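Engineer: For the sequence shown, the numbering used here begins at 178 and goes up steadily by one.
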Amino acid sequence: MAAPTSSRTADWWRDAVIYQVYPRSFADGDGDGTGDLAGVRARLPHLDALGVDAVWFTPWYASPLVDGGYDVADYRSIDPAFGTLDEAEKLIAEAAGLGLRVIVDIVPNHVSDQHRWFQEALAAGPGSPERDRFHFRPGRGEDGELPPNDWPSQFSGSTWTRVPDGEWYLHLFTPEQPDLNWSHPDVRREHEDVLRFWFERGVAGVRIDSAALLTKDPELRDFTEGVDPHPYIDLDEIHDIYRSWRAIADEYGGVFVGEVWLPDAERFARYLRPDELHTAFNFNFLACPWEPDRLRATIDSTLAEHAPVHAPATWVLCNHDVTRTATRYGRADTAFDFATKRFGTPTDLELGTRRARAAALLTLALPGSVYLYQGEELGLPEADIPRDRIQDPMHFRSGGTDPGRDGCRAPLPWEAEAPSYGFGTPPGTRTWLPQPTDWGRYAVDRQNTDPDSMLTLYRTALALRRAEPGFGDGTLTWLPAPDGVLAFTRGHGLICVVNLSDAPVELPAHRARLLASGPLDPAGTLPADTAAWLRA
178 MAAPTSSRTA DWWRDAVIYQ VYPRSFADGD GDGTGDLAGV RARLPHLDAL GVDAVWFTPW
238 YASPLVDGGY DVADYRSIDP AFGTLDEAEK LIAEAAGLGL RVIVDIVPNH VSDQHRWFQE
298 ALAAGPGSPE RDRFHFRPGR GEDGELPPND WPSQFSGSTW TRVPDGEWYL HLFTPEQPDL
358 NWSHPDVRRE HEDVLRFWFE RGVAGVRIDS AALLTKDPEL RDFTEGVDPH PYIDLDEIHD
418 IYRSWRAIAD EYGGVFVGEV WLPDAERFAR YLRPDELHTA FNFNFLACPW EPDRLRATID
478 STLAEHAPVH APATWVLCNH DVTRTATRYG RADTAFDFAT KRFGTPTDLE LGTRRARAAA
538 LLTLALPGSV YLYQGEELGL PEADIPRDRI QDPMHFRSGG TDPGRDGCRA PLPWEAEAPS
598 YGFGTPPGTR TWLPQPTDWG RYAVDRQNTD PDSMLTLYRT ALALRRAEPG FGDGTLTWLP
658 APDGVLAFTR GHGLICVVNL SDAPVELPAH RARLLASGPL DPAGTLPADT AAWLRA
């Protein structure tokens, strides 16, 4: 079937379900061990059958792939590991033929150190116009041997690297990702051209990586947490950039979703004003523990912070940077925090999977749009990557204490009995990250025929969400519920009930049961860690 789009055409993004593809791990079309665009094109029928509205691709551009493609060397070409620009254009067209819109990823805070601009800056030397596109500074200390300031990196360690001529350059992430100077007109003009380049090739939207980090304190002053205004997160000048971008998106009918990590709801909402971004990721919901009071408070605060700017909320349980849902919900601490990731955390995977199924129905019942990370529809757990196969720079920059993000990026299983579980890599060739030896049970072909599988649950829920006008964008009304239970109504008499307690509970009065995340008790009560959709 052709996957229908959401209920509105112009405002499709207000209630869309958007599937995130991490190309290296989705499907391998040429058998070299790395996922690619040919693999995605061959597996588009899976996304069509799943019933999503759009597909967001993490960066597929030319890149040394030091940080999974978020170190971009050239926005106008596709990395050879993934394919060609011609293949990308064909993929966009083929997806459109199935009713699937395409969203690409832009990384405006920085580029790769192999980007032409940075190579020119290194060759040109101190004081050159080429270096003005970045943040080059002399060091402190008697001989300039100390970094220009004390800013900590997003990936641990220093934000500064010294070059042979003695100057230092700023990088909030890895040394291979030098930060751009957004006060430079070349930087602004180049990114506006890049947006047009991809909108003209048919993409429907752009996801903006690290969207609150672009502008920096021009003096690059030292920073003391809790004392000084932050020197590079959420500076007011950043909104001028997004207003100019919105004008470009409006020319093409395109949309933006920002990666905005901010604790201040009012500051967060400023990014969603009508002349800036359309939506932004809701990381508070993603990081929230499996606790009823915390979840309800997060849902309420999310809806409240979006209301003044009339923007829809977005809901996401997992992405390419965080611990997979089935694993996280099976741990004693069900919240997510980068600072607490460690090897060997005890996990009850059966419990985590049961909660992940319930969380899927909770998320898909909330007002707004939903992002679904590849493999979540299969119930994949976090993979344990052997230390000698880890590639994520977060692991190495933490001194080896952080397992990094590779565990949520292992190649997908498609066929239970095939080599590489149908990922496409033949015997004798290693996949770029190893696949767990027990992943055959999660394979798409095995779940296709199982009426109780996670894949069947997602397909059924997505079909109901599309068919029922009460879901998607709109309002939510909480219902009285026992301790440990979340219950709310949507339009047209739809009810969602989630039991987060440790005992069965009575269902509210209803005329019909539409869907449950697990079997109901014989008496018709809702078991612990189970969700149900009802019709009042």
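By construction, the Cβ of each residue, glycine as well, lies at the ideal position given by its N, Cα and C atoms.
Quick caveat: nothing in here was measured; it's all calculated off a predicted structure.
Check for me: the alpha helix (DSSP H) holding S387 runs from which residue to which?
Structural biologist: To locate residue 387, count along the sequence shown from 1; it is residue 210. Counting along the chain, S387 falls outside any alpha helix (DSSP H), and DSSP gives it neither H nor E.
Engineer: Can the beta-carbon of G430 be found closer than 7 Å to that of A457?
Structural biologist: For the purposes of this step, residue 430 is taken as residue 253 along the sequence shown, with counting starting at 1. For the purposes of this step, residue 457 is taken as residue 280 along the sequence shown, with counting starting at 1. No. Outside cutoff.
Engineer: Which partner residues does N676 have in the DSSP bridge list?
Structural biologist: If you number the sequence shown from 1, residue 676 lands on position 499. DSSP lists V662 and T707 as partners of N676.
Engineer: Enumerate in chain order the residues of its own chain whose CB-to-CB distance from V284 is below 6 Å, with the five nearest sequence positions on each side excluded.
Structural biologist: The residue you call residue 284 lines up with position 107 of the sequence shown. Cβ neighbours of V284 beyond the five flanking positions: Y247, V249 and D386.
Engineer: Helix, strand or coil for P657? Go by DSSP, reduced to three states.
Structural biologist: Here residue 657 refers to the residue found at position 480 when the sequence shown is read from its first residue. If DSSP states are grouped into helix, strand and coil, P657 belongs with coil.
Engineer: Return the Cβ separation of D192 and G545 in integer angstroms, given the expectation that the two are a contact with Cβ distance under 8 Å.
Structural biologist: Residue mapping note: residue 192 aligns to position 15 of the sequence shown, counting from 1. Residue mapping note: residue 545 aligns to position 368 of the sequence shown, counting from 1. That belief holds up - the Cβ atoms of D192 and G545 are roughly 7 Å apart, short of 8 Å.
Engineer: So what does T456 bridge to, in DSSP terms?
Structural biologist: Counted from its first residue, the sequence shown places residue 456 at position 279. DSSP, once it has assigned bridges, lists V434 as partnering T456.
Engineer: Run through DSSP, which three-state label would H572 get?
Structural biologist: Residue 572 sits at position 395 when you count from the first residue of the sequence shown. The answer is helix: DSSP assigns H572 an H, G or I state.
Engineer: Can you name the start and end residues of the beta strand (DSSP E) that A258 belongs to?
Structural biologist: As a working note, residue 258 is residue 81 in the sequence shown. A258 -> no beta strand (DSSP E), and no H or E assigned at all.
Engineer: Tell me, to the nearest whole angstrom, how far the beta carbon of G529 is from that of Y506; I am working on the premise that it is less than 8 Å.
Structural biologist: Taking the first residue of the sequence shown as 1, we reach residue 529 at position 352. Taking the first residue of the sequence shown as 1, we reach residue 506 at position 329. Between Y506 and G529 the Cβ distance is about 4 Å, and since that is below 8 Å, they are a contact.
Engineer: With a 10 Å radius around its C-beta and 16 neighbouring C-beta atoms as the bar for buried, classify P355 as buried or exposed.
Structural biologist: Against the sequence shown, residue 355 aligns to sequence position 178. It counts as buried.
Engineer: Within a Cβ cutoff of 8 Å, which residues of the same chain sit near R220, ignoring the five residues on either side of it in sequence?
Structural biologist: The sequence position of residue 220 within the sequence shown is 43, counting from 1. If we look at R220 and ignore the five residues flanking it on each side, its Cβ neighbours are F203, A204 and W591.
Engineer: Applying the 10 Å Cβ sphere with the 16-neighbour rule, what's the burial state of H407?
Structural biologist: Looking up residue 407 in the sequence shown gives position 230. Classification for H407: exposed.
Engineer: Have a look at G302 and L463 and give me their C-alpha separation to the nearest angstrom.
Structural biologist: Here residue 302 refers to the residue found at position 125 of the sequence shown. Here residue 463 refers to the residue found at position 286 of the sequence shown. Their Cα atoms are separated by approximately 44 Å.
Engineer: What residues match up with A231 in a beta bridge as DSSP calls it?
Structural biologist: Within the sequence shown, numbered from 1, the residue matching residue 231 stands at position 54. Looking at the DSSP assignment, A231 forms a beta bridge with I195 and R278.
Engineer: Give the secondary structure of R519 by DSSP, where H, G and I count as helix, E and B as strand, and everything else as coil.
Structural biologist: Counted from its first residue, the sequence shown places residue 519 at position 342. If DSSP states are grouped into helix, strand and coil, R519 belongs with coil.
Engineer: Short of 6 Å in beta carbon distance, which residues of its chain neighbour A537, apart from the five on each side in sequence? Order them along the chain.
Structural biologist: The sequence position of residue 537 within the sequence shown is 360, counting from 1. Here the set comprises nothing.
Engineer: Exposed or buried, which one is T626 when buried takes at least 16 other CB atoms within 10 Å?
Structural biologist: Locating residue 626 in the sequence shown gives position 449, where the first residue counts as 1. That one is exposed.
Engineer: Using only CA atoms, which one of R314, D309, S421 and N461 lies nearest to P451?
Structural biologist: Along the sequence shown, one-based indexing puts residue 451 at 274. Of the listed residues, the one whose Cα sits closest to P451 is S421.
Engineer: What's the gap between the Cα of A509 and the Cα of T524?
Structural biologist: On the sequence shown, residue 509 is found 332 positions in, with the first residue counted as 1. On the sequence shown, residue 524 is found 347 positions in, with the first residue counted as 1. Roughly 8 Å between the two C-alpha positions.
Engineer: Please confirm whether any heavy atom of the ligand MG lies closer than 6 Å to the CB of T702.
Structural biologist: Looking at this structure, you won't find the ligand MG or any other ligand, since it has none at all.
Engineer: Name the two residues that bound the continuous alpha helix (DSSP H) containing A644.
Structural biologist: As a position in the sequence shown, residue 644 is number 467, starting the count at 1. Per DSSP, A644 belongs to the alpha helix (DSSP H) from M631 to A644.
Engineer: Using only CA atoms, which one of W294, G276, P603 and V229 lies nearest to Y252?
Structural biologist: Translated into the one-based positions of the sequence shown, residue 252 becomes position 75. Of the candidates W294, G276, P603 and V229, the one whose C-alpha sits nearest the C-alpha of Y252 is W294.
Engineer: Report all residues from its chain with a CB closer than 6 Å to the CB of R688; omit the five preceding and five following residues, and keep chain order.
Structural biologist: Within the sequence shown, numbered from 1, the residue matching residue 688 stands at position 511. Only R712 meet the Cβ criterion.
Engineer: Quick check on the burial criterion: 16 or more other C-beta atoms within 10 angstroms. Buried or exposed for R288?
Structural biologist: Sequence index remark: in the sequence shown, residue 288 carries index 111 (1-based). For clarity, residue 288 is Val in the given sequence; the question names Arg instead. Classification for V288: buried.
Engineer: Let me make sure I understand the geometry here. Which of D405, G584, T336 and F433 has the alpha-carbon closest to that of V383?
Structural biologist: Along the sequence shown, read from residue 1 onward, the residue named residue 383 stands at position 206. Closest by alpha carbon: F433.
Engineer: How about W337 and P324: are their beta carbons less than 7 Å apart?
Structural biologist: Counting from one through the sequence shown, the residue named residue 337 turns up at place 160. Counting from one through the sequence shown, the residue named residue 324 turns up at place 147. Contact flag set, yes.
Engineer: Nearest-angstrom Cα distance between A180 and D650?
Structural biologist: Your numbering for residue 180 matches position 3 in the sequence shown. Your numbering for residue 650 matches position 473 in the sequence shown. The predicted position of A180 is uncertain, since its pLDDT is 37 and thus under 50; a value taken from the coordinates is nonetheless stated next. Going by the C-alpha atoms only, they are around 19 Å apart.
Engineer: Is it right to say E414 is buried, meaning 16 or more other beta carbons lie within 10 angstroms of its own, or is it exposed?
Structural biologist: As a working mapping, residue 414 is identified with position 237 in the sequence shown. Result: exposed.
Engineer: Give me the Cα-Cα distance between L268 and E322, rounded to the nearest whole angstrom.
Structural biologist: The count along the sequence shown starts at 1 and reaches residue 268 at position 91. The count along the sequence shown starts at 1 and reaches residue 322 at position 145. So the alpha carbons of these two residues sit roughly 49 Å apart.
Engineer: Kindly indicate which residue of D309, N326, R310 and E553 has the alpha-carbon position closest to the one of R317.
Structural biologist: Sequence index remark: in the sequence shown, residue 317 carries index 140 (1-based). Nearest option by C-alpha distance: N326.
Engineer: Measure the beta-carbon distance from V232 to L277 and round it to whole angstroms, keeping in mind my assumption that it falls under 8 Å.
Structural biologist: By 1-based counting over the sequence shown, the position of residue 232 is 55. By 1-based counting over the sequence shown, the position of residue 277 is 100. Yes, they are in contact, since the Cβ atoms of V232 and L277 sit about 5 Å apart, within 8 Å.
Engineer: Going by DSSP, what residues sit across from F311 in a beta bridge?
Structural biologist: Sequence index remark: in the sequence shown, residue 311 carries index 134 (1-based). In DSSP, F311 forms a bridge with L357.
Engineer: Taking its Cβ as the centre, do 16 or more other Cβ atoms sit within 10 Å of G274, making it buried, or is it exposed?
Structural biologist: Reading the sequence shown from its first residue, position 97 is the one you call residue 274. Label assigned to G274: exposed.
Engineer: Do you know offhand how far R532's Cα is from A503's?
Structural biologist: Within the sequence shown, numbered from 1, the residue matching residue 532 stands at position 355. Within the sequence shown, numbered from 1, the residue matching residue 503 stands at position 326. Distance between the alpha carbons of R532 and A503: 7 Å.
Engineer: For the putative contact between S694 and A705, defined by C-beta atoms under 8 Å, what is the C-beta separation to the nearest angstrom?
Structural biologist: Along the sequence shown, read from residue 1 onward, the residue named residue 694 stands at position 517. Along the sequence shown, read from residue 1 onward, the residue named residue 705 stands at position 528. Contact doesn't hold; Cβ gap of about 11 Å is too wide.
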